[in-house]
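**Student:** 20 is the number of the first residue of the sequence shown in the working numbering; add one for each residue after it.
Below is a structure I'd like to ask you about.
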Amino acid sequence: MPLIQPFTGLRPIPERAAEVAAPPYDVLSSAEARQRATGREWNFLHISKAEIDLPPETDPYSPAVYAKSAENFRRADP
């Protein structure tokens, strides 16, 4: 029997919603995501495609990308 537990959803404050909003991670290439998130430090792409915050030659599936995503998520959580 599966165990299902509730969790609290996260929503941006209304004033930042447009800055946070991002398309699904698999819609943009890393280069497109990097360009779209430049100058938008609260954009969700910094979490869903964290390779944009690492050198361009970084393998998007490397452990460093997942670590950066977790770091960015913790930074975004007040």
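Each residue gets a CB set at the ideal place from its N, CA and C atoms; glycine is no exception.
#1: In or out: V46 buried (at least 16 other Cβ within 10 Å) or exposed?
#2: Any contact of the region 85-95 with the region 59-68, i.e. 3+ C-beta pairs under 8 Å?
#3: Are any of the Cβ atoms in chain C nearer than 8 Å to that of S48?
#4: Could you check what DSSP says for L64 in three-state terms: helix, strand or coil?
#5: Rounded to whole angstroms, what is the Cα-Cα separation between R55 and A36?
#6: Can you round the beta-carbon distance between E38 and R59 to whole angstroms, since I take them to be within the 8 Å contact cut?
**Tutor:** Let's see:
#1: exposed
#2: Short answer: they touch.
#3: Protein chain content of the structure displayed is limited to a single chain, and chain C is not contained in it.
#4: DSSP places L64 in helix when its eight states are reduced to three.
#5: 15 Å
#6: 6 Å
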